[in-house]
Amino acid sequence: MGCARRELNTEPGCGEVAAAAADSGRPLVIPVFAELPLPPHPPADLYASLRDGPGFLLESLEGSEKAARYSFICTAPAATVAVAYDGAVTVSGDRRIREIAGDIEAADAVDAVRLFMDRFRAVASPLPRFPGGLAGYFSYDLVSSIHPTVRPGAAEDPEEPVARFMLALDCLALDHRERRLAVIRNLLFTDGADPGEEYCRCRDAVAERIARIRDVVPAAPAAPDPSGVASSSCTRGEFSDAVLRIKEHIAAGDIFQAVLSRRLTCPVRGDPFDVYRQLRERNPSPYMYYLDFSDVAVAGSSPEMLVRVENGEVTTVPIAGTRPRGRTPAEDARLAAELLADEKEQAEHIMLVDLARNDVGAVSAFGSVSVAGFMTVERFSHVQHIVSTVSGRLRPECDRFDVLRSCFPAGTVSGAP
Numbered sequence: 343m344g345c346a347r348r349e350l351n352t353e354p355g356c357g358e359v360a361a362a363a364a365d366s367g368r369p370l371v372i373p374v375f376a377e378l379p380l381p382p383h384p385p386a387d388l389y390a391s392l393r394d395g396p397g398f399l400l401e402s403l404e405g406s407e408k409a410a411r412y413s414f415i416c417t418a419p420a421a422t423v424a425v426a427y428d429g430a431v432t433v434s435g436d437r438r439i440r441e442i443a444g445d446i447e448a449a450d451a452v453d454a455v456r457l458f459m460d461r462f463r464a465v466a467s468p469l470p471r472f473p474g475g476l477a478g479y480f481s482y483d484l485v486s487s488i489h490p491t492v493r494p495g496a497a498e499d500p501e502e503p504v505a506r507f508m509l510a511l512d513c514l515a516l517d518h519r520e521r522r523l524a525v526i527r528n529l530l531f532t533d534g535a536d537p538g539e540e541y542c543r544c545r546d547a548v549a550e551r552i553a554r555i556r557d558v559v560p561a562a563p564a565a566p567d568p569s570g571v572a573s574s575s576c577t578r579g580e581f582s583d584a585v586l587r588i589k590e591h592i593a594a595g596d597i598f599q600a601v602l603s604r605r606l607t608c609p610v611r612g613d614p615f616d617v618y619r620q621l622r623e624r625n626p627s628p629y630m631y632y633l634d635f636s637d638v639a640v641a642g643s644s645p646e647m648l649v650r651v652e653n654g655e656v657t658t659v660p661i662a663g664t665r666p667r668g669r670t671p672a673e674d675a676r677l678a679a680e681l682l683a684d685e686k687e688q689a690e691h692i693m694l695v696d697l698a699r700n701d702v703g704a705v706s707a708f709g710s711v712s713v714a715g716f717m718t719v720e721r722f723s724h725v726q727h728i729v730s731t732v733s734g735r736l737r738p739e740c741d742r743f744d745v746l747r748s749c750f751p752a753g754t755v756s757g758a759p
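The numbering used here applies: residue 343 is where the sequence shown begins, and numbers increase by one.
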């Protein structure tokens with residue numbers, strides 16, 4: 343079968359795809375892509391113009407070159423994987439994906455996602471970090487299944503999954519440093535399929551997506567309309583009492599630190615994506631995300647990642663210690679020096695670096711754990727933080743899911759131990 347758009351330069355070639363397909367055991371995933379200059383529109387505008395239902399935006403706006411280099415967009419996930427509190431797994435969407443997934447019986451949500459991913463075999467690609475795959479969330483309640491000593495709390499909404507992910511076969515990868523855009527369609531090859539026909543379908547899908555991107559005319563975002571007063575999950579008195587209890591636990595030697603938080607709830611009318619757009623304007627960060635599952639939207643903005651596994655290296659970047667940004671470079675420098683000299687901030691940061699070393703060490707080769715850039719100051723839009731980088735070489739018998747188990751939840755948002 344001949345491809346309709348021969349003039350489109352896509353990688354890999356049809357011959358390479360056919361060779362890979364000939365050696366496939368499990369269903370094979372092969373990223374087919376074309377590159378073009380990065381459009382002038384911000385990633386959020388591109389996502390807003392292309393979306394038509396569920397999808398996600400993983401956006402980087404500020405931070406180091408390595409942290410803020412890429413953004414990723416998916417506007418048509420092939421499937422959704424949800425894991426309930428009782429461990430039941432639901433796969434919805436593309437019929438082929440559902441048939442490949444079959445029945446998944448797992449010990450917990452992490453194991454369920456691992457088993458789903460193990461149904462597929464991905465071909466190595468020169469594309470940046472995320473050429474497609476799963477994007478979504480594990481809720482904080484996962485902690486009780488990873489750490490049996492932590493008693494599960496009462497779920498605020500037992501119907502809400504403890505884990506929920508979208509499977510992206512179509513993806514846009516934006517390289518902000520090189521000013522390039524990769525338009526990706528992952529070819530899903532199963533037994534009995536014709537690799538040539540599947541390849542041509544992928545090329546056509548890539549060409550159609552490129553045409554849509556070139557026609558994008560961003561619309562002005564609307565401001566979200568709060569329809570009520572924000573309410574807190576606890577009163578001021580209850581919060582103060584909790585602080586006193588934590589101090590008693592610290593004095594008794596039960597814990598070193600706990601991160602106490604509360605939930606603020608406010609009804610909002612309008613598009614949830616407009617809330618994200620306000621967030622990205624007010625707090626641009628290296629790790630921003632918008633996950634639209636149709637019935638639920640999740641948005642966030644953070645300077646900190648939990649953990650990354652890349653080319654066999656495990657990396658986590660604990661951030662602890664904060665000062666505001668100065669109004670002038672001189673004030674910025676003075677506040678940074680004050681931050682680094684603060685005994686309380688030093689003690690907290692060192693404690694969390696030690697916790698990160700233990701978490702990374704549990705899944706890394708002996709002697710490979712190291713700390714780079716110890717206690718450096720990184721500046722963001724509104725604040726500056728003390729940052730260190732902890733890394734290790736992943737043990738052969740461990741995988742990225744073992745790493746997640748070891749590092750979840752981050753000490754910087756939960757406490758220690």
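Every residue gets a Cβ at the ideal spot worked out from N, C-alpha and C, and that includes glycine.
Source: prediction; values computed, not measured.
- About 7 Å separates the Cβ atoms of R667 and R721, confirming a contact at the 8 Å cut-off.
- A straight line joining the alpha-carbon of I415 with that of P384 spans about 12 Å.
- A Cβ-Cβ separation of about 29 Å leaves A704 out of contact with S643 under the 8 Å criterion.
- For L514, the secondary structure class from DSSP, reduced to helix, strand or coil, is strand.
- Per DSSP, the unbroken alpha helix (DSSP H) holding Y389 starts and ends at P385 to L392.
- The Cβ atoms of G663 and L682 sit closer than 9 Å to each other.
- Here S636 is exposed: its Cβ has fewer than 16 other Cβ atoms, across all protein chains shown, within 10 Å.
- Straight-line measurement puts the Cα of S756 at about 6 Å from the Cα of A600.
- The Cβ neighbour count for Y632, taken over all protein chains shown within 10 Å, is at least 16; the residue is labelled buried.
- In this structure, DSSP gives D365 a state outside helix and strand, which the three-state scheme calls coil.
- Nearest neighbour of R699 by Cα position, chosen from E685, R527 and G734, turns out to be G734.
- Looking at the backbone, the Cα of A430 and that of A593 are separated by about 41 Å.
- For the set R605, P537, C513 and H691, the Cα lying nearest the Cα of S574 is the one of R605.
- In the displayed model, H591 falls within a helix according to three-state DSSP.
- Here P373 is buried. Its C-beta has 16 or more other C-beta atoms within 10 Å.
- In the structure shown, the three-state DSSP call for P671 is helix.
- A524 is bridged by DSSP to E377 and A515.
- Exclusion of the five residues before and after Y541 leaves C356 and V359 as the residues of its chain whose Cβ lies within less than 6 Å of its Cβ.
- In this structure, DSSP gives R604 a state outside helix and strand, which the three-state scheme calls coil.
- Put simply, the backbone Cα of V423 is about 14 Å away from that of S481.
- Exposure of E520 is indicated by the presence of fewer than 16 other C-beta atoms within 10 angstroms of its C-beta.
- Counting along the chain, E720 sits inside the beta strand (DSSP E) bounded by residues S712 to R721.
- Here the C-alpha atom of L469 lies approximately 15 Å from the C-alpha atom of P379.
- Less than 9 Å separates the beta-carbon of L350 from that of R545.
- For I728, the enclosing beta strand (DSSP E) stretches over residues V725 to R735.
- Of the residues Y427, L476 and E441, the one whose Cα lies closest to the Cα of D483 is Y427.
- The C-beta distance from A386 to A561 rounds to 11 Å, too long to fall under 8 Å, and the pair is not in contact.
- Comparing alpha carbon positions, the residue from P563, S569, L697 and S730 closest to V713 is S730.
- In the DSSP assignment, I692 falls outside any beta strand (DSSP E) and within the unbroken alpha helix (DSSP H) covering E685 to G703.
- In the same chain as E401, and ignoring 5 residues on each side of it, the C-beta atoms closer than 6 Å to its own belong to P385, S413 and M630, in chain order.
- For G478, the closest alpha carbon among the candidates L399, V610 and A572 is that of L399.
- Rounded to whole angstroms, the separation of the alpha carbons of A679 and R669 is 15 Å.
- Take the alpha-carbon of E550 and the one of A510: they are about 17 Å apart.
- Separation of the CB atoms of G397 and T417 is rounded to 4 Å, and the pair is thereby assigned contact status at 8 Å.
- A Cβ-Cβ distance of about 4 Å is found for the pair V425 and A451, placing them in contact under the 8 Å criterion.
- Sixteen is the threshold: since fewer than 16 other Cβ atoms of the shown chains lie within 10 Å of the Cβ of L586, the residue is exposed.
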